[in-house]
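Those letters in the sequence shown? Residues -17 to -1, 1 to 731, by mature numbering (1 follows the signal peptide of the UniProt record, and there is no 0). Where a beta carbon is used, it is the ideal one built from N, C-alpha and C, also for glycine. As the structure is a computational prediction, the values presented were derived from the model and not from experiment.
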Amino acid sequence: MIIIVILLLCLSTFTETNKVVNLLALVPWPDDRESAGWDTGKVLLPAGRVAVKHVNNHKYILPGYSLRLIEDGHEACGLTEASKTIINFVRFASSPPHNTVAAVLGLYCSTSSIVLAQLKEPVVLKLSASNSPVFKTHSYPNFWRFLVSAGIYGDMMIGLMNKFDWKRIAIVQDLETTFHSAIAEELAKKILATSGEKEVVYHCGMVHTVDQFANDCINGIIDRKARIIFVSATGPQTAKILCLAGQRDMSYPFFLWIIIDFLVSSIIDEAGHIEDCDLSSLHYILENSLVAYFSLENTNDLDSSFNVSIDDYLTAYRNELEADNITNPLKHDELYAGLLYDQVWAIALALNSSISKLEGMNISIDTIGFNQPHVTQIVEESLSRISFHGVTGHIRFTSDNEVAGSVHIYQVSNSLEGLLCHYEFQPLTNNYSFVNCQLSFSEEFDDDIPIQLLLLEAPIVISMFTGTCILIIFITIILLLMAKCKNEPEIKAFSFSMNILIFLSCYVLCGTQLLSTVMAGVNIQSELAYSVICNIQVIGTYSSICLVFVTLFMQLFRINRIFHNKRLSHLSCLYNNRVLFIITLLLQILPVVLQIVFVAVIPFKLQLSESYEVVGSKTTLIRQRCCEIDSSTKNQLIFRFIFTLYEFVFLVLNTILASKTSTISHRQFRNAKTVNVFMASVIIVQATSLSALYVLKQGSSSAMRYAELIVYIDSYLVTLLCQALLFMPKILSVISRKSKQSLQSKHV
């Protein structure tokens, strides 16, 4: 009898089978195309299998039913056609060969999620694990998000701007990803809706295959004087823009970067593949940036009716990976796999809550599937009420069918691991909770930045003008005295007409000094006017100094040729003053014409060098104007080399000739010895000024403003030396000789 009872029980157990409820899991399928992004969906599927096993082994969840996971794929992230998504959805959900599909799970890419969310006729429950850009789900009643939508980041950023009283930001977006583009565009819309209270001063986009876009973004941020930059981009694009920022020293406290990324370490990994990326600069920028992401951590902010065992999940998940021969999965793959696990549990709990109501309508949940709107509505009502702690956090939905998690804004430590502190945004209450902790950036960080154009102070400018005017008067007095004494032997020996050329050079140098004063001390608004003054100043400076050297060379050459002849009467006609004057002009006209042609083809222009400094208590953009060739540094070096070499050749020749002339004992030429002193003085002045310029340019921007003053002093000293050493001794010699003659005549 006992044996019969046992056999009957075994028979009843054997014949009693659970009804099967099908769930379709679509994950990013491997794709070899270059434009394909995240495609490691096969690492996610084991988490779904573990969840199905855990649900099926639970006594009180879906009694009499068993879940079955149908595994297939959708497009890799970054691919927009989503044809695989539609094909697999239709194949399993809307046209099932045997059993119906109660819900579609997975959907890790925005493009696939959007395609299915926008399908109006097929009524089937869809649970998305993507950061969907679909902001309002009321138009898609069967679409449920397990990660935050793009709009929440806009709310987060507006909250930060309100808290810190920021008015101006720049936005950088990844043009190739739907989700990141949606974040940026939604934020721009929200700021536009503030009616001018807040402003997007610059908005740019990047494309993975076009590096120039990232360069343009950096230049635009600097040009628009944006200090707070919101970056909505994938890891590779974020790494690219931050590497470029590191090259331009665009880091805190001068710039504040706010980036969206789940794993900051992935940015470091991506940067390692970027050529010329300074990883130390990138680390510094990341350490002083704000990072925002949707929390995938387990939280205890809400009461829950059910908890899963995270340890049991991790053990079972890793065993499944080993069974599939998957080793060393990426960290973010393991984290996102938990979303599929939580999706299975969420739909299981919702179906479990709907059993009694559906069975009262004579509906078995294993028949739930395509085109059953009244049944789907009942399950959705249950789904909206679920609350449990999953492996990715607290699963509870808002009125927008979105998991009510928080967005964390945090700073990383020096090791790029762990939260120093964070702000939280709670979608359920739409409130911001700012944790009272000290971030490394100042809460007084100003979103606007004052600009200071480096100009010489007014007293220095006035002194420069006054000094130049005094020098012009001094030159004029010397010239008048020279004209009065032009027939005296001391003056006549060096040719008065040749001396006029040197005086002309001195006047031109004084003119360039006045132009240097204008460029260094006056804020010229017109770029064209500055460029014209710049080119005149460059040509004038080179030409005037060159004319002095050429004229001295011809004078010394004439003297040496005279003393190589036994009698002055036998001097060739080629060595008379008029011929040498013409030759001197020709030697000078050639470099002047070359300079004019050069700057006509490749002109010097206004160039701005910019740096950021703390002036007082305010971070200030320091702008230094300079006169340079903008097309190529090589062209500028060629220009300066050619004409400096021309001057240097005559400088060497003059030094040699002056040394020979100094041995002449004739009284009419004894003042030629001062040429040696003049040439040595010019060399010392030029070397000193070049050294001073180099030191100033290596220093701070406040020191760089005095570079123009060094150029001014250089020209001023050369002019003064020219008068004091070349002409003053002659004038004094004439005056002294006439004074002696006058005394002698009186004595007689």
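Pair within 8 Å by beta-carbon distance, residue i and residue j
| i | j | result |
| --- | --- | --- |
| P574 | S526 | yes |
| Q578 | F536 | no |
| A112 | Y267 | no |
| A8 | L52 | yes |
| Y699 | Q496 | yes |
| F661 | L589 | no |
| L492 | T657 | no |
| L439 | G523 | no |
| I242 | S272 | yes |
| V87 | I69 | no |
| G31 | L323 | yes |
| R608 | V386 | no |
| R210 | L437 | no |
| I250 | A222 | yes |
| T500 | F564 | no |
| T106 | F353 | Per the sequence shown, the amino acid found at residue 106 is Val instead of Thr. Yes; because the gap between Cβ atoms is below 8 Å, this pair is in contact. |
Neighbour-count burial assignment, residue i, 16 or more Cβ in a 10 Å radius
| i | result |
| --- | --- |
| F631 | exposed |
| D307 | exposed |
| S478 | buried |
| K2 | exposed |
| S215 | buried |
| S725 | exposed |
| T(-1) | exposed |
| M189 | buried |
| S716 | buried |
| G255 | exposed |
| D697 | buried |
| T83 | buried |
| L334 | buried |
| H191 | buried |
| H357 | exposed |
| F587 | buried |
| N125 | buried |
| V580 | exposed |
| S719 | exposed |
Residue range of the unbroken alpha helix (DSSP H) whose run includes residue i
| i | result |
| --- | --- |
| residue 753 | Absent from the structure is residue 753, since the part of the chain shown begins at -17 and ends at 731. |
| residue 808 | Examination of residue 808 is not possible in this model, given that the chain is present from -17 through 731 alone. |
| residue 733 | Summary: the structure shown does not reach residue 733, with the chain confined to residues -17 through 731, and so no result is reported for it. |
| A86 | That residue, A86, is in no alpha helix (DSSP H); its beta strand (DSSP E) goes V84 to G89. |
| N198 | D194 to D206 |
| P312 | Note, P312: premise wrong, no alpha helix (DSSP H); not H, not E. |
| I443 | A441 to K467 |
| V33 | L28 to N39 |
DSSP-derived helix/strand/coil call for residue i
| i | result |
| --- | --- |
| F213 | strand |
| M344 | coil |
| V374 | coil |
| W21 | coil |
| Y629 | helix |
| P574 | helix |
| A65 | coil |
| K721 | helix |
| G188 | strand |
| N281 | Per-residue confidence for N281 stands at a pLDDT of 46, beneath the threshold of 50, marking its modelled position as unreliable; the derived number appears in the next sentence. DSSP places N281 in coil when its eight states are reduced to three. |
| N1 | coil |
| R368 | coil |
| L6 | strand |
| I612 | strand |
Boundaries of the beta strand (DSSP E) in which residue i is found, first to last residue
| i | result |
| --- | --- |
| K109 | L108 to S111 |
| D157 | R151 to D157 |
| Y48 | Y48 to H57 |
| Y267 | Premise fails: Y267 lies in the alpha helix (DSSP H), L262 to E270, not in any beta strand (DSSP E). |
| F126 | F126 to R128 |
| I243 | L239 to I243 |
CB contact below 8 Å: residue i versus chain C
| i | result |
| --- | --- |
| S93 | No chain C appears in the structure shown, which is made up of a single protein chain. |
Inspect the CB distances between the segment 140 to 154 and the segment 347 to 357 and report whether three or more fall short of 8 Å. no
At least three beta-carbon pairs within less than 8 Å, the segment 164 to 171 to the segment 252 to 267: no
Contact between the segment 193 to 206 and the segment 215 to 234: three or more CB pairs below 8 Å? yes
Would you check if there are 3 or more beta carbon pairs closer than 8 Å linking the segment 690 to 704 to the segment 663 to 673? yes
Within the chosen definition, does the segment 324 to 331 reach the segment 361 to 371 through at least 3 CB pairs nearer than 8 Å? yes
Kindly confirm or deny that the segment 179 to 196 and the segment 130 to 140 touch, where touching means at least three C-beta pairs closer than 8 Å. no
Segment contact flag, the segment 92 to 109 with the segment 54 to 65, C-beta cutoff 8 Å, min 3 pairs: yes
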